[in-house]
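One structure is given below, encoded as structure tokens.
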DNA sequence: CCTTTATATTCCTGTCAAGGAATACACCCA
DNA sequence: TGGGTGTATTCCTTGACAGGAATATAAAGG
């Protein structure tokens, strides 16, 4: 599963919501539909994306499909974060100094139009 | 800065590459163009997205714009990750059991067509 | 078998983001 | 002030994705 697939899957707020929902417990599609307020087809499509990113697994229970979170891929994100975490842990002041020298501009100089 | 903006900014692989590049040191646009192999306009547009997500800052040096990483927003991701990290740290076996009960299906049952 | 229930898939449409080319803008220097 | 350099912006086209409606599929139960 490419990193891109993972990032793309989580880039969508509805999908993050679903993942967050499944954090509490596994859940059949119907409940996810109710919780997210999306249509059933749309929900199923999002779940498919999550499946393909390896973020969820399905168990079949009669006609129902119960989705459960698989947090393993998220470890990949964690690994990606590591170098940055090092930055903001190891001295926000060091970084701050670097940024102070560096920013004689406000955060975003683009004309807000 | 909404979480969506941040995720969207990082969802693009070129932008992640730029962020990773700026992890080593601040850098003017020209160098980023060379390193990423994108056109200069495209690069500028990506940098704008990163700016608007608060991930980079600009310092003006004569005609050059030197971009520097601001890892602060990434802390937001780290916070988002926390609950999941708890899952995979605190007993992959517990989770594993949950998934085993749960998965009598291969990872993704969708017809690979 | 036929119906009901639960979910997946297809079709269609509108929106949005990405990329290149051309152009505008800002700054330095002579 | 004019030219050169470095960067941003605009315009346009194209491709990807989201969402709804309708439909297909799968399983359970009578």
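Protein chains in written order, with this note's numbering: chain D, 1 to 113; chain G, 1001 to 1113.
Glycine included, every Cβ here is placed at the ideal spot set by N, Cα and C.
Small disclaimer: the values here were computed from a predicted structure and weren't measured.
How would you label residue i, buried or exposed, when you count the other beta carbons within 10 angstroms and need 16 or more for buried?
i, result
"residue 1043/G", "buried"
"residue 22/D", "buried"
"residue 1110/G", "Per-residue confidence for residue 1110/G stands at a pLDDT of 40, beneath the threshold of 50, marking its modelled position as unreliable; the derived number appears in the next sentence. So residue 1110/G ends up on the exposed side."
"residue 1061/G", "exposed"
"residue 78/D", "buried"
"residue 1073/G", "buried"
I'd like the span of the alpha helix (DSSP H) that includes residue i, first residue to last.
i, result
"residue 23/D", "13 to 24"
"residue 75/D", "72 to 89"
"residue 1030/G", "1029 to 1036"
"residue 1042/G", "1040 to 1052"
Can you give me the C-alpha to C-alpha distance between residue i and residue j, rounded to a whole angstrom?
i, j, result
"residue 1038/G", "residue 1081/G", "31 Å"
"residue 1089/G", "residue 1018/G", "30 Å"
"residue 201/D", "residue 1009/G", "This structure does not reach residue 201/D, given that chain D is present from 1 up to 113, and the question cannot be answered."
"residue 1057/G", "residue 1051/G", "6 Å"
Quick one, which of the options has its alpha-carbon nearest residue i's?
i, options, result
"residue 3/D", "1004/G, 1075/G, 1016/G and 1041/G", "1016/G"
"residue 1067/G", "1073/G, 1010/G and 1024/G", "1024/G"
"residue 1070/G", "58/D, 1/D, 85/D and 60/D", "85/D"
"residue 26/D", "53/D, 64/D, 83/D and 13/D", "64/D"
"residue 5/D", "55/D, 31/D, 35/D and 87/D", "55/D"
"residue 12/D", "75/D, 83/D and 45/D", "45/D"
From which residue to which residue does the beta strand (DSSP E) around residue i run?
i, result
"residue 1061/G", "1056 to 1061"
"residue 69/D", "64 to 69"
Notebook entry, point to check: the stretch 67 to 90 of chain D: which residues have C-beta closer than 7 Å to a C-beta of chain G, in chain order?
Noted result: 68, 70, 71, 72, 74, 75, 77, 78, 81, 83, 84, 85, 87 and 88
Item checked: Interface positions of the stretch 1005 to 1031 of chain G facing chain D (Cβ-Cβ less than 7 Å), listed along the chain -> 1007, 1008, 1010, 1011, 1013, 1023 and 1026
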